[in-house]
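A.B. asks: Protein chains in written order, with the working numbering: chain A, 16 to 391; chain B, 16 to 391.
Shown next, in the form of structure tokens:
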């Protein structure tokens, strides 16, 4: 694809960490980079013009949510997602699979806490080789999500990067069913790719590497999917139940991906994970963690976490971080933020989110410099 | 007061409507004008730097709320309210009386619906000649609000315009008690003024004209309070139970106020009231109505109200108002706003509030021009 290519600038001499640039029809994404999540076509509490000012280069939107509200046809008729949401920078959409299978099985986290739903009591009506039939939580309509319909929805949305439809198996699954699920996912991804290639529409498509925490299955998934003409590769499926399992899995998996294509780690972006994942070769990763933390009054700085609700911030008349040049730190004191949180004001969530996202941008800039300097 | 004065530019040949400029230590307020309410030192969903961009010249903050959170000492130590909240334009604060007496009696609206609280079951512990003793809803502390302590709190806050402590009598009150309440309010206002004059602190103080909908009591209040060296006059107390009662009261009261001082109508700013009140000579008026409407998806335009949640806006790909140059209309479509409301996104409230406040600014600009042209 002419409008989409990956430019590898430097690989660290110390690790697999690398600096690059993903070129897309809506501009460049410097890598490694953090991808903010705007599920419904907006970040929580920050409008898209402001997101531009913060400097976020890639935004993640969820096809599942946009299918149900406002519907992908509405977005298509608006001229695509960029036009509809007022963002003229790169966007990535997922397939909807993750949300639908979370409805069916619960999330890994739910499952580890034995809160997983069973198919019987969920909105998911049927899962078979064709795809997944589920009920819209908005109006009760039956919706069939298949590799083809997911790609069609993502064509309507028109993001720069799209994701094939995959099955998210439950974390507690026996080996036999895990292997079966993996093969089905591979068949679904190939069907997605074929559907995409009928009308590339100036979009790039990444595969999703599955296999849970089984090194052989991850290797098989890499072998199968890198043999197909995907434009990049995402790491998905179960990433383990703790950081160690994820890092181990990535250490085994990342070397099996081609270095001339960009990769993406799905759903990870907490401060504990970011550094090690980058050292293991991850280019981009998305997470709602920084904005969710912000809404709970947890503010990131290079000197550690600021818990802004603590009474010590009541009279902290300087900015949250004197070295930070974000909109929030330039205009407001920590004491004012503390007050806004205490008063449950909406502006608290906006100003805190701006700060944390700006921090993520600066953090990524630092990592890129450290990689160029072969320090990590 | 040298830093505070009213410049009368033009009075309409057709009505009492007038165009002027209120000069304050933090800049000019063109009149007539709308005053946005930022109870806790922020508008709901719009941070103060953004409020500047919208062009709002005067912001109304509530002393009652700021006394309880973060406390006026915290604001004083921050260098005053302007510094604390990051606003370098004029601010007006009220006395706290309105909120305390609403706790005691319920609001007029509650009362008309028979929802008024009685003193027994409210947070108000004692009302006597000294002032009001009440319990903080935040921490249960007993707080004594008197004319002197209200002014001291407003000195700590340091707004450009402050308001004396008054009694808000219940709407359903017999004539004898209403007269008693009026006299007490006058005594409290004079005590407030005396407390203020000990340390003017570069602040202006408006009286609050009371008297309910009784023309003789309003006249008495005007006579009593305009004889004192207040810098301007606010119209407060019960404004009647409907628009007609308020307009009648204003028609009787406004001619009794000096034309060389600014006046303010407390708590009114709905679109039905604004025009008639301006024609009756009102200079400024405050209300949370435009931002509250915005959060309910009611958007103002010169062609009527847009109910953005209506399904007809699902595919309205143009701006809310093609003639509007607000941040929201310049960046986003009505369809996107509709979607954000349907998806319950915080950005919906922010973008809608920006639009309505910008509209109020433009509306006031129009009124000023129409007055200069003797059209109203």
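Glycine is no exception: its CB is placed at the ideal position from the N, C-alpha and C atoms. Bear in mind that the values here come from a model prediction, so they are computed numbers and not experimental data.
For the beta strand (DSSP E) holding residue 157 (chain A), just list the boundary residues, first then last.
C.D. replies: 157 to 160
A.B. asks: Would you decide whether residue 244 (chain A) is buried or exposed? Buried here means 16 or more other CB atoms lie within 10 Å of its CB.
C.D. replies: exposed
A.B. asks: Taking DSSP as the reference, what is the three-state secondary structure of residue 341 (chain A)?
C.D. replies: Coil.
A.B. asks: Look at residue 169 (chain B) and residue 39 (chain B) and say whether their C-beta atoms are less than 8 angstroms apart.
C.D. replies: no
A.B. asks: Does any residue of chain C bring its CB to less than 8 angstroms from the CB of residue 61 (chain B)?
C.D. replies: The structure shown has no chain C; the protein chains it does contain are A and B.
A.B. asks: In this structure, does DSSP put residue 295 (chain B) in helix, strand or coil?
C.D. replies: coil
A.B. asks: Would you identify the three-state DSSP class for residue 33 (chain A), choosing helix, strand or coil?
C.D. replies: strand
A.B. asks: Give me the residue from B:98, B:92, B:19, B:59 with the minimum Cα distance to residue 345 (chain A).
C.D. replies: B:98
A.B. asks: With 16 other CB atoms within 10 Å as the buried threshold, where does residue 94 (chain B) fall?
C.D. replies: exposed
A.B. asks: Note down, in chain order, each residue of its chain lying with its Cβ closer than 6 angstroms to the Cβ of residue 210 (chain A), except the 5 sequence neighbours on either side.
C.D. replies: 163, 166
A.B. asks: Which value, in whole angstroms, describes the spacing of the CA atoms of residue 130 (chain B) and residue 282 (chain B)?
C.D. replies: Reliability of the predicted coordinates at residue 130 (chain B) is poor, the pLDDT of 47 falling under 50, and no value is obtained from them.
A.B. asks: At a CB-CB cut-off below 8 angstroms, which residues of chain B make contact with residue 334 (chain A)?
C.D. replies: Chain B residues near residue 334 (chain A): none, gap ~11 angstroms exceeds 8 angstroms.
A.B. asks: Taking the alpha-carbon positions, what's the residue 239 (chain B) to residue 224 (chain B) distance?
C.D. replies: 9 angstroms
A.B. asks: Let me confirm a value: residue 180 (chain B) is counted as buried when at least 16 other C-beta atoms fall within 10 Å, else exposed. Which label applies?
C.D. replies: buried
A.B. asks: Can you tell which of B:215, B:118, B:353 has the C-alpha that lies nearest to the C-alpha of residue 182 (chain B)?
C.D. replies: B:118
A.B. asks: Could you round the C-beta distance between residue 76 (chain B) and residue 174 (chain B) to whole angstroms and report it? I think they count as a contact, below 8 angstroms.
C.D. replies: 7 angstroms
A.B. asks: Could you check whether the Cβ of residue 55 (chain B) sits closer than 8 angstroms to any Cβ belonging to chain A?
C.D. replies: Yes, because at least one Cβ of chain A sits closer than 8 angstroms to the Cβ of residue 55 (chain B).
A.B. asks: Going by C-alpha distance, which of B:339, B:342, B:333 is nearest residue 353 (chain B)?
C.D. replies: B:333
A.B. asks: In this structure, does DSSP put residue 135 (chain A) in helix, strand or coil?
C.D. replies: Note that residue 135 (chain A) scores a pLDDT of 45, beneath 50, so its modelled location is shaky; the value from the coordinates is reported in the next line. Three-state DSSP puts residue 135 (chain A) in a helix.
A.B. asks: Taking all protein chains shown into account, do 16 or more other C-beta atoms lie within 10 angstroms of the C-beta of residue 320 (chain A), making it buried, or fewer, making it exposed?
C.D. replies: exposed
A.B. asks: Just checking: is the beta-carbon of residue 130 (chain A) within a distance shorter than 8 angstroms of some beta-carbon in chain B?
C.D. replies: Confidence at residue 130 (chain A) is low in this model, with a pLDDT of 47, below 50, so the placement of that residue should be treated as unreliable; the coordinate-derived value is given next. Answer no: the Cβ-Cβ gap between residue 130 (chain A) and chain B never drops below 8 angstroms.
A.B. asks: Quick one, which residues of the stretch 88 to 118 of chain A are near chain B if we go by CB-CB under 7 angstroms, in chain order?
C.D. replies: Taking 7 angstroms as the cut-off between beta carbons, the residues of the stretch 88 to 118 of chain A near chain B are 89, 92, 93, 99, 100, 101, in sequence order.
A.B. asks: Between the alpha carbons of residue 343 (chain A) and residue 189 (chain B), how many angstroms are there, rounded?
C.D. replies: 52 angstroms
A.B. asks: Could you check which residue in A:257, A:362, A:270, A:206 has the C-alpha nearest to that of residue 230 (chain A)?
C.D. replies: The shortest C-alpha separation from residue 230 (chain A) is found at A:270.
A.B. asks: Identify, in the order they occur along the chain, each residue of the same chain with its Cβ nearer than 7 angstroms to the Cβ of residue 159 (chain A), setting aside the five sequence neighbours on each side.
C.D. replies: If we look at residue 159 (chain A) and ignore the five residues flanking it on each side, its Cβ neighbours are 146, 148.
A.B. asks: Applying the criterion that 16 or more other CB atoms from any shown protein chain within 10 Å of the CB defines a buried residue, is residue 347 (chain B) buried or exposed?
C.D. replies: Label assigned to residue 347 (chain B): buried.
A.B. asks: Hey, which unbroken runs of the alpha helix (DSSP H) at 4 residues or more fall wholly within the stretch 226 to 250 of chain A?
C.D. replies: 230 to 241
A.B. asks: Grouping DSSP H, G and I as helix and E and B as strand, with all else coil, what is residue 312 (chain B)?
C.D. replies: coil
A.B. asks: Anything in the stretch 346 to 361 of chain A with a Cβ closer than 8 angstroms to a Cβ of chain B? List those residues in chain order, please.
C.D. replies: 346, 347, 348, 350, 351, 353, 354, 355, 357, 358, 360, 361
A.B. asks: Answer yes if the stretch 362 to 381 of chain A comes into contact with the stretch 45 to 59 of chain A, meaning at least three C-beta pairs across the two stretches below 8 angstroms, and no otherwise.
C.D. replies: Enough Cβ pairs lie closer than 8 angstroms, so yes.
A.B. asks: Taking the Cβ atom as the reference point for each residue, do residue 274 (chain B) and residue 23 (chain B) lie within a distance shorter than 8 angstroms?
C.D. replies: yes
A.B. asks: Using C-beta distances below 8 angstroms, list every residue in its chain close to residue 249 (chain A), excluding the 5 sequence neighbours before and after it, in chain order.
C.D. replies: Excluding positions up to five away in sequence, the list reads 178, 221, 222, 223, 224, 278, 279, 280, 281.
A.B. asks: If you draw a straight line from the C-alpha of residue 47 (chain A) to the C-alpha of residue 107 (chain B), how long is it?
C.D. replies: 48 angstroms
A.B. asks: Which chain A residues are close to residue 314 (chain B), counting only those with a beta carbon under 7 angstroms from its beta carbon?
C.D. replies: What residue 314 (chain B) touches in chain A: nothing, since even the nearest Cβ is about 16 angstroms away.
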